[in-house]
Each structure stands twice: as C-alpha cells, then as structure tokens.
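Colleague:
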Amino acid sequence: MSNMVNLTINGIAVSVEEGQTILEAAEKLHIKIPTLCYHKDLCVAGNCRVCVVEQVGNNKLVASCAMPVSEGMEINTNTLKVRNCRKHIIELLLTEHNEECTKCYRNGHCELQELAAEYQITNQDFIDLVPDKNYTVDRISPALEKDDSKCIRCQRCVRTCAEIQSVGAIAVAHKGSDMKISTVFDRALDEVVCTNCGQCIVHCPTGALTEKSYVEKVWDAIADPDTHVVVQTAPAVRIGLGEELGFEPGTRVTGKMVSALRRLGFDSVLDTDFTADLTIMEEGTELLTRLKRALVEDDPDVALPMATSCSPGWVKYIEHKYPEYLPNLSTCKSPQQMFGALAKTYYAKNIGVDPQNIVSVSIMPCTAKKYEANRPEMKDSGYKDVDFVLTTRELAVMIRQAGIEFEKLNDESFDSMMGTGSGAAVIFGATGGVMEAALRTAYEIVTGREVPFENLEILPVRGLDGVKEATIKIEGTVDDWKFLEGVELKCAITNGLENAHQLMDNIKKGESFYHFIEIMACPGGCLGGGGQPYPVDDEVRLKRMQAIYNEDSDLPIRKSHENPEIVQVYKDFLEEPLSHKSHKLLHTTYVKREQY
Amino acid sequence: MTTTKKQLHRIDLIFKNEQDCKEILRNALARSNQEVINEMVNSGLKGRGGAGFPTGLKWKLTAEQKVDEKFVICNADEGEPGTFKDREILTRVPHKVLSGMAVCAKIIGARKGYIYLRGEYKFLVPNLKKELRRFHDILDELGLDFRVEIFMGSGAYICGEESALFESMEGKRGEPRNKPPFPTEIGYLNKPTVINNVETLAHSYTILKYGAKKFRELGVKDSRGSKVFSVSGDTPIPGIYELELGMSVQDFVDDFGDGDTKAVQVGGASGFLVPRKRFGKTSIGYQGKLTGISLPTGGSMMIFNSSRSMYNVLNNYLDFFEEESCGQCTPCRVGCQQLLKGIKAVKRGEKPASYLDQLLKLTDTMKLTAKCGLGQSVANSFSSIVENFREEMIY
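Residue numbers (this note's numbering), protein chains in the order written: chain R, 72 to 667; chain D, 106 to 500.
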C-alpha cells in the first residue's frame, strides 16, 4: 500500500495517497474547486489557473490540479485572495471569448458560461479583445465545426487528439496574444489528418468545437409531405440519450426513444441493430473466407489479421496512418451505411415508396458517421444512402424542441422489416462488442455449437482496457469447416486510437499475430463516441457499458444469425452473405490518404 | 576639466585571461564530491540568471538523486531585454563555463551536457565548437567521461525558462511545466538535471580556483561575490562590467549615469524600475536586509535620463511580453494583452485614470497565479513604473 499524506483543506483534515493532487484531496472532502483545463481523461496541464488555491506559507497561489499533496500542507480554497484571483481569471477568459452566448451552439452546456454565472461576472471592466483578433470559423467539414472565437486555449482538445487518439490533427500554434489551436498550415479540419471522431468536442468546455448540426434539415424533411423519412438509431444511442435528457448515466431508454421518434414525425422508426446483425453475417463470412484462403489454399495474398470497419473514425485513421494495411480492413460497410443502402432499395421496394422520395436519417453516438455518410463511395443504392446523420445530442435537441416530456413517454417498439436487432447487435455499442457478436455467430457456423461461454458472455473481450486479447480454440468442427479444426483463433480488441496505434505498431513489427482485430476509434467504443452527451469520464463510460450488456441479456435473441429479419432479408433479397448483391450494396473500398 | 567621479570597484575575475583550466579541473576532479559541494555551498553563489537559487544546493540535490542518467545544461538562452553579458562570457572565456559544467557533471554523475544557445547567437557556434573540441581533449586526458553539445534555440524568450527549455530540447513546444517536480528531480528527458546560467558556471570556475572564502569576501550578506552587469541606456560608458553585489543604485548611477538619470531599470523587462528618489534606498542583490529593498537582477541595468517617457518604456516592455508570453496560461496570455491595451486606453482618455488601479490589481493576480516566472514578473516593471510615474501614464 502506498504512503498516506495528511493535510488540511479549509481547516478540515484529510488523508490521501501520496502523489494525489490538492484537487483530488478536496474532492474527497466534497469541496468543489472550479476547473477548466482539467479533465479526468487527460494529463494535467495546469494552464487555465481557475483552480488556484492558497497554500499557507507559499506566497504564490498554487494550481490545485497540478500540485501534489505534501505532509502537513494547509490549503484554503475560499479566501478573499483566491476568490479575487479566480474572478480575474474568468474575466480575462471572457475578454478573449466571443460572448454571443444566446447564439452559441453550446448555450446552456458551456463550462465557461457556468463559471461566469457562478462568479457573477456582471460588470466586466476589462477591454474586449475580440474585435482585434483574427478569429476564424472552420465550417468546411461535414462533421465538425471549429470556432476560434469561442476557444479558451485550455488545450483539452489538443491533449485529447494527441493522447487518447494519437492523431495530432490539432495543436497549439503561435505564442502570446496570437496563440491559438490550429492544424498543420492552418488548414481546415477536413483537409488534415482529423478522423472526425469528435473526441475533441466531448472534451471541449465551450462552443469552440461542435458537431455540424443537421437538425434543421431533418425538420425540413419531416415537414415535407412528399418525403418518407426513415430513421435508424445506433445501439449506443439508446443508452446515451437518457443522460442528455436528465436521466442518470447508464439509463436505458430504448422504448421511450422509439416513442419520441414517432412523435417527432419520422415515418419509419427502424433500428441500426438490424444492420449490425447483417454486418456480423457479412463480416463473419468474410473472416471465415479469409481464413480458408490462408489455411487451405495457402494464398500468400490474403490479408490477416482482418480488421473491423464499423468505426468510421478508425477507418479514416488507418487510411491516413497505416495505408499499407488497407487490404486488412474488412470490406463491409458500417451498419449505418448498410442500412442506408438497404433503406433505398429493399425497404423502399417493400413499402412501395420511390427511393427518390425517401430521406434516410440516422441517429448516431458519433460525429465521424456524418463524414462517412458523405463519402463519395456511399451511394450504392443509386442515391445518397444516408442523407443526414444526427448525434445523440442533436436528437435530444429535437425532442426538447418538440415539447416532448421524454420521461413520461411509454415504451414503444421499432417498426418491422428493418427494426429487429439481436443482443449481439446491441453490444456493437461497447468496445469488444463486434468481436463478441462475431464469435457468437462464427463459432456456431463452424462447430454447430454455441460459443463455450456461460450465457454467451465472452468476458475477456469486455471492459475498458486498452488492448484486450482472446484466443478461442476451435474444436468439433462441422464438415464444411474441417480445415479450422484445432485452430486457435487469435483476436485483439482496442478502443481509442492511441491504443489502435500501439496495436498496429506491434502487428507491423511482427511482435503480435492475430486473425481478427476489432478497433473502435473512441474510448469505450461507440458508447463513448464523439456524439454522446458530455461530460464524460471512465465512470460514466462504465455505466453506459453496463447498460449495453444489460440490454443484450434482456433480449430474446442474442445471436445475429437467429434474427428473423436477417433470415428474411437473405431469403427475399440478398440471397447469401457475400453474394453479388451484398457486394454491391454492403461492401465498400478505401482510399490512401496523406500522413498529416 | 576632469572631475574625479566616484567609481565602483571593477572586479576582474570572470574575464581574467586564465588558461589553466586543465589544472583547475584536475584538482577539482581529485577532490571528493562532498568537498566540492561544500565549497560551492559555502561560497554563497546564487544563480546569476536572475532567480538567485543557491547553486551549491542545486548541485547537491541533483547529486542525491539515485538515477543512472543525469544532465548538465548551460542556459545560454540570454533573452532578457538589456542583457548581453552571457554572449561576452561565451566569447571570451568559454573554457571557464565548460569547466564548471564538467565539475558539476562529475559530482552529479552526468555524462552528457548541453549548451542551450539563444538562436540569435548562432555566430558564436564556430568558435564554441573549436573550444569544445579542445575541451573534450582535455577531458579525455583527465579521464572524465563527459561530452558537451550545443543545442540551438529558435528565438522564443520563454525558452530561457528552464522547464520550457527542456520541452524545447525534447522537440516540443516551448512551454513551462508545472512545478513541482523541479529539474533537480525531473528535468531534461525527465532525468535529474542541473541547469545553470552561463555566468553561474563561470563563477564556479572562480570558486574552484580561488576557493569559497575568497569569493565570499566580495559582496554582502546573502549576496556574495561579483556579478557581470550589462549596462545600457543613457550612459556615456555602456558595456559589460563585473561589479561587486550589494552596491546601491545611487553608487551605480554616480558611476555610470550621464548626470541626468531619472530612473534605472534593474533586471530587464521582467525587473523593477527604480526612480531617482529611491536610488539611495535600493541595493542590488538577493533578499538582503539592507536599508530599503534589494533587487535581484540577471545583470541588465538600463539607465533612463529625463528625456525618456516612462509611458513609452512601459509600452515597449508590454509589447514584448504580449508577444513573448507562451500563451498557455490565462493570467499571462490575457493579462499582458489587457495591460498593454489598458495603458493605451488610459493614455488616449478612453479609460479613466483610475483604470490604472484596476490594472495594478490585475498584476497582483498575475503575480499570484501565473504558471511561470514570466507571467509572475510582468507585475514588476508594470507596478514600479505605474506607481512611480503615474502622471506620465495619464498625460
């Protein structure tokens, strides 16, 4: 056990582990110290200085987020000196900040606004610096917007992009009064290595980084009597939406969400879980085909490990950073795009609507999905497969705008045909979920038996660890798959692109060998996506994760291949996995991109 | 007619032409580490970059770290406005600086040293490289496993701050780190590091050669030894002078002023302005309890005569800080902009004179909350100029 350190904060004694900070010690005493640049996900920066406190015997104030505790330390968090300085610092931040709060996308969700309210910054005397700044707003990307005039230079986004994501699309440029958060050569986010993951958004305290909103466009489509508006909702939305609407993190609101979507006026309320199951069929078959080519045909060109392709942030990352591994990427489109392609073909035909009149909307925990829907490859239905992508947060905005009392809603069920998903589909929303879902199906195809885990729960692939590994020995194969008898299927799972970077480097160096890897761009997988509610940290992510697994275990169907709508779509339309039609509609290609 | 002006005692230690560094090194290396540390501690030498941390203690703390890899870094990022003494030391007596580094390296257990050279001092490189080759030969002869390299800065003032300097050397953006931990524990590449100013290292040579006792004979209590001053401004004799610490500003002005001295800026833009009425009550040194206050300095002494506008002087400093703040912490980045815009607004009548008081309060906050010495010290020149020359700020 590590050493304990005794100190007092505001005269109250507290004992914490050596190496902890004053801020952490204060938290233990339920004394709130305001912070801005501090975030539990990130390394300590100590640059906003809002969290300064007084240490007896020190003639300077100290930043409580950065100052480790020491024995006998006496801290005061609420002296006149502290309050005056804090107020000054908030005032200073406001003078550099474009204070158009009522016009701001983050109005009501801004940490700076909250602090200004808390400290009652009502008669600001310092000079407004904004008019003399050359602030720019970057609205070029279909996924993200960056407004420098709202930036408080806390560098949370920079640390997120570098530490959690290992991307480094945004960094600090210039110094002094010109210091700003910028990209290489000050290019638009859409023109650099940015993966559109949106982690910068969920870590930004203000409105400097936001998603590009398509709420108005969706309202327009709903209001148009000539269009049939189809909506799909991703697995992680049903466990995130409640949080944005006042429920505790980890509250499942699937039924209420469906009910709300109907009230908003969507014509068909469908489920991305359906195409998550379809992804398993296609991707599982693709994996088995690759294994066959490698093991039976000794084909030297087969690319292993096969990597999942559901996470558009990861897809863009590998396109930039490891283009030599693009053949390893599963050719399967993400569930969102499979859905889009089927909505304007299979679904349109079945409900008898001209696909030209269908507007396809998706609700995603993700900002990269906005980018993905706009990729030129994503028009295999003959139209733009997915017209508009909204984040979980944007859906909450629509629900509030429509005056729906969300907590009072009854539970309703998705519409049929593309509205049923298995438990295997729901867990796509958590890191390890795609792997678990794929194993549930692939193992059964190959052996005729269920995966040898209690309740189908493949625990080694679950949890928030950076890199998880699992090895499954295939035994008792059925005749078609005899070549896999005795093979140890090696899998790895990562979440967050920094971990993906580590894993890819190990694979590149030949230090690790796998058959199948699942990579999700965001920490925790889609449940921690860039389109999910803020604030977020591991505690919140774990709650959301638990909700996902509860949703899975409560569902009657737990395996993708047992989803009756999946059986039907193959029977009526797609024929079989990797069929010609599947290839046309459900699979895609990738592009090599620049390093920076 | 020649008047005999009272002249301060000129010291000739640093620039004294001494070519015996091999002997000095041989003797120093033969002594026990403890002995040398004691000598340094007893000398009372304090950091000559301006902050005045006791050098012997710095060496001692770093020596105590039980880590294999350590570094000695010579901070030659001389960027304080009005300071130009390190350039001269590196030009004229680089071997003394290198000797100080080598002895320090032996004591703390470092095999690698760096001179972090200000970008604008690129012209010193050929000469320094020649000197390094010669010096490395001497080290080989003496059997000391230590090598020094030159690392070029890129022109940012903030990189003279030790932790920003490490960041810069590590290939990162030059931004100060949180302290603690201090460099003695976690420095360059997160290894224990002694980082000393050029002049400090040169003084250590003097101490090793002549002994702590001789060094202590110079200066006053808490401010021992001599100091190299960069004298500029309204003086008939600008240049570099080695003088004893503890002198009063009055004595300095009597010697170097042009007879019409209105104020002296001690310690560059980040230092204090001393107005005429305080010349007698202010001395140059560290925390000494003399009559009045004692001001530390990195060696910059800027003399202003009555033709100078103190508003322009302050405007100039703030212009500098507004640009040279690294920009990471709020009080420094935004504070500097507010101070600069603030004095302009008062001058133009856009803000009332009382706004100066609000700005003074802001400098208090900057002093208390800025992350590093840069932001903390902007208050020094601002408050000493505004408080003493308020009318010049307004009219």
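Glycine included, C-beta positions come from ideal geometry on N, C-alpha and C.
How many whole angstroms separate the CB atoms of residue 222 of chain R and residue 279 of chain R, which I take to be in contact at a CB cut-off of 8 Å?
Modeller: By 1-based counting over the first sequence, the position of residue 222 of chain R is 151. By 1-based counting over the first sequence, the position of residue 279 of chain R is 208. That pair is a contact at about 4 Å.
Colleague: Is there a C-beta anywhere in chain D that falls below 8 Å from the one on residue 250 of chain R?
Modeller: As a first step, residue 250 of chain R must be located in the first sequence, where it is residue number 179. Chain D, which has a Cβ nearer than 8 Å to the Cβ of residue 250 of chain R, makes this yes.
Colleague: Taking only the alpha-carbon atoms, compute the straight-line gap between residue 324 of chain R and residue 314 of chain R and give it to the nearest angstrom.
Modeller: The count along the first sequence starts at 1 and reaches residue 324 of chain R at position 253. The count along the first sequence starts at 1 and reaches residue 314 of chain R at position 243. Approximately 9 Å, taken between the alpha carbons.
Colleague: Less than 8 Å between the beta carbons of residue 261 of chain D and residue 427 of chain D, yes or no?
Modeller: In the second sequence, counting from the first residue as 1, residue 261 of chain D sits at position 156. In the second sequence, counting from the first residue as 1, residue 427 of chain D sits at position 322. Not closer than 8 Å, so no.
Colleague: By Cβ distance, which residues of its chain are closer than 8 Å to residue 73 of chain D, with the 5 residues on each side in sequence left out?
Modeller: Nothing can be reported for residue 73 of chain D, as the shown portion of chain D is limited to 106 through 500.
Colleague: With a 10 Å radius around its C-beta and 16 neighbouring C-beta atoms as the bar for buried, classify residue 401 of chain R as buried or exposed.
Modeller: Indexing the first sequence from 1 puts residue 401 of chain R at position 330. Residue 401 of chain R should be labelled buried.
Colleague: With a threshold of 8 Å between beta carbons, is residue 430 of chain D in contact with chain R?
Modeller: Counting from 1 along the second sequence, the entry for residue 430 of chain D is found at position 325. Chain R contact via Cβ: present.
Colleague: Under the three-state reduction of DSSP, which class applies to residue 504 of chain R: helix, strand or coil?
Modeller: Working through the first sequence from its first residue, we reach residue 504 of chain R at position 433. The answer is helix: DSSP assigns residue 504 of chain R an H, G or I state.
Colleague: Who are the neighbours of residue 78 of chain R on chain D, taking C-beta pairs under 7 Å?
Modeller: Here residue 78 of chain R refers to the residue found at position 7 of the first sequence. Going along chain D, no residue has its Cβ under 7 Å from residue 78 of chain R, so there is no contact; the nearest lies around 15 Å.
Colleague: Can you give the beta carbon distance from residue 344 of chain R to residue 306 of chain R, rounded, assuming they're within the 8 Å contact cut?
Modeller: As a working mapping, residue 344 of chain R is identified with position 273 in the first sequence. As a working mapping, residue 306 of chain R is identified with position 235 in the first sequence. That belief holds up - the Cβ atoms of residue 344 of chain R and residue 306 of chain R are roughly 6 Å apart, short of 8 Å.
Colleague: Quick check: does the Cβ of residue 473 of chain D come within less than 7 Å of any heavy atom belonging to the ligand NAD?
Modeller: With respect to the ligand NAD, the structure offers nothing, as it holds no ligand at all.
Colleague: Tell me the residue span of the alpha helix (DSSP H) that contains residue 486 of chain D.
Modeller: Taking the second sequence and counting its residues from 1, the one referred to as residue 486 of chain D is at position 381. Start and end: 478–493.
Colleague: If you reduce the DSSP assignment to three classes, tell me which class residue 159 of chain D lands in.
Modeller: The count along the second sequence starts at 1 and reaches residue 159 of chain D at position 54. Strand, per DSSP.
Colleague: Assuming residue 342 of chain R contacts residue 303 of chain R under a Cβ cut-off of 8 Å, what Cβ separation, rounded to an integer in Å, is found between them?
Modeller: Reading the first sequence from its first residue, position 271 is the one you call residue 342 of chain R. Reading the first sequence from its first residue, position 232 is the one you call residue 303 of chain R. Correct: roughly 6 Å between the Cβ atoms.
Colleague: Taking the alpha carbon of residue 673 of chain R as the reference point, which residue from R:570, R:485, R:586, R:572 has its own alpha carbon closest?
Modeller: Nothing can be reported for residue 673 of chain R, as the shown portion of chain R is limited to 72 through 667.
Colleague: I need the boundaries of the alpha helix (DSSP H) containing residue 348 of chain R, first residue and last residue.
Modeller: Counting from one through the first sequence, the residue named residue 348 of chain R turns up at place 277. Its alpha helix (DSSP H) spans residues 343–366.
Colleague: For the segment 282–292 of chain R against the segment 440–459 of chain R, are there 3 or more C-beta pairs whose distance is under 8 Å?
Modeller: These segments touch.
Colleague: Taking 8 Å as the CB-CB limit, is residue 515 of chain R close to chain D?
Modeller: Working through the first sequence from its first residue, we reach residue 515 of chain R at position 444. No, residue 515 of chain R lies away from the interface with chain D (no Cβ there is under 8 Å from its Cβ).
Colleague: Using 8 Å as the limit for Cβ to Cβ distance, is residue 295 of chain D near chain R?
Modeller: On the second sequence, position 190 is the one that residue 295 of chain D refers to. Answer no: the Cβ-Cβ gap between residue 295 of chain D and chain R never drops below 8 Å.
Colleague: If you measure from the beta carbon of residue 434 of chain D to each beta carbon in chain R, is any gap under 8 Å?
Modeller: The count along the second sequence starts at 1 and reaches residue 434 of chain D at position 329. True, the Cβ-Cβ gap to chain R drops below 8 Å.
Colleague: Any C-beta of chain D sitting closer than 8 Å to the C-beta of residue 111 of chain R?
Modeller: As a working note, residue 111 of chain R is residue 40 in the first sequence. It does not: the Cβ of residue 111 of chain R has no partner Cβ on chain D nearer than 8 Å.
Colleague: Assign residue 401 of chain D to buried or exposed, taking buried as 16 or more other Cβ atoms, counted over all protein chains shown, within 10 Å of its Cβ.
Modeller: As a first step, residue 401 of chain D must be located in the second sequence, where it is residue number 296. Flag for residue 401 of chain D reads buried.
Colleague: For residue 241 of chain R and chain D, any beta-carbon pair shorter than 8 Å?
Modeller: Along the first sequence, read from residue 1 onward, the residue named residue 241 of chain R stands at position 170. It does not; no Cβ of chain D falls within 8 Å.
Colleague: Can you name, in chain order, every residue of its own chain whose Cβ lies under 6 Å from the Cβ of residue 100 of chain R, other than the five neighbours on each side?
Modeller: For the purposes of this step, residue 100 of chain R is taken as the residue at position 29 of the first sequence. So the qualifying residues of the chain are 80, 83, 85.
Colleague: From residue 249 of chain D to residue 211 of chain D, what distance separates their C-alpha atoms?
Modeller: Residue numbering aside, residue 249 of chain D sits at position 144 when the second sequence is read from its first letter. Residue numbering aside, residue 211 of chain D sits at position 106 when the second sequence is read from its first letter. Answer to the nearest angstrom: the Cα atoms are 8 Å apart.
Colleague: Would residue 381 of chain R and residue 485 of chain R qualify as a contact pair, given that the criterion is a beta-carbon distance under 8 Å?
Modeller: Against the first sequence, residue 381 of chain R aligns to sequence position 310. Against the first sequence, residue 485 of chain R aligns to sequence position 414. No.
Colleague: Indicate whether the contact test is met: 3 or more Cβ pairs, each with one atom in the segment 609–629 of chain R and one in the segment 521–537 of chain R, closer than 8 Å.
Modeller: Yes, they touch.
Colleague: Using a Cβ cut-off of 9 Å, pull out every chain R residue sitting near residue 476 of chain D, in sequence order please.
Modeller: To locate residue 476 of chain D, count along the second sequence from 1; it is residue 371. What residue 476 of chain D touches in chain R: 117, 118, 120, 134, 137.
Colleague: Which residues of the segment 217–232 of chain D have a Cβ closer than 9 Å to any Cβ of chain R? Give them in chain order.
Modeller: Listed in sequence order: no entries.
Colleague: Taking 8 Å as the CB-CB cut-off, is residue 285 of chain D touching chain R?
Modeller: Sequence index remark: in the second sequence, residue 285 of chain D carries index 180 (1-based). By this cut-off, residue 285 of chain D is an interface position.
Colleague: What is the DSSP secondary structure of residue 398 of chain R, counted as helix, strand or coil?
Modeller: Numbered from its first residue, the first sequence carries residue 398 of chain R at position 327. DSSP places residue 398 of chain R in helix when its eight states are reduced to three.
Colleague: Which chain D residues are close to residue 246 of chain R, counting only those with a beta carbon under 8 Å from its beta carbon?
Modeller: Within the first sequence, residue 246 of chain R is the residue found at index 175, counting from 1. Simply 261, 263, 428, 429, 430, 431, 432.
Colleague: How would you call residue 198 of chain R, buried or exposed, if buried means at least 16 neighbouring beta carbons within 10 angstroms?
Modeller: As a first step, residue 198 of chain R must be located in the first sequence, where it is residue number 127. Burial call: buried.
Colleague: Can you pull the chain R neighbours of residue 234 of chain D, defined as C-beta to C-beta under 9 Å?
Modeller: Residue numbering aside, residue 234 of chain D sits at position 129 when the second sequence is read from its first letter. Those do not exist, as residue 234 of chain D stays about 30 Å from chain R at its closest Cβ, beyond 9 Å.
Colleague: Does any residue of chain C have a CB that is nearer than 8 Å to the CB of residue 168 of chain D?
Modeller: Among the protein chains of the structure shown, namely R and D, there is no chain C.
Colleague: Tell me the residue span of the beta strand (DSSP E) that contains residue 252 of chain D.
Modeller: Within the second sequence, the letter at position 147 stands for residue 252 of chain D. 252–257 is the span of the beta strand (DSSP E), which, as asked, contains residue 252 of chain D.
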